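Quick notes on the structure that follows.
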Amino acid sequence: MKKLFWVGIGIGVGVLAARKLGQAKDLASADGLNRTVGRMSDSLHELAEAFRTGMNERETELRQALGLDETSGPGHH
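Here you go:
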């Protein structure tokens, strides 16, 4: 019974290893590498856009707090 258990474990590990090896080969191919680089590039662009948006919002808040915002100043119509 123990031998059958260990054979089952060995088969399971073998199947998992074969799947991981197949995924690694796919990622190593030119198409897989292009997809990975494309995803990373998209993520970097999204991060930069979120940073710029946050930076602009914070600058607006600071300008308003310091009374430097020309469009919403007290004597400006």
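Letter by letter, the sequence shown follows residues 1 to 77 in the UniProt record's numbering. Don't be surprised by glycine CBs; every beta carbon is placed ideally from N, CA and C. No experiment lies behind these values; they were computed from the predicted model shown.
Is DSSP giving residue 29 helix, strand or coil here?
-> coil
By Cβ distance below 7 Å, which residues in the same chain neighbour residue 66 in space, the five residues on each side in sequence not counted?
-> none
Per-residue DSSP class, three states only, for residue 42 | helix
Is residue 47 helix, strand or coil by DSSP?
-> helix
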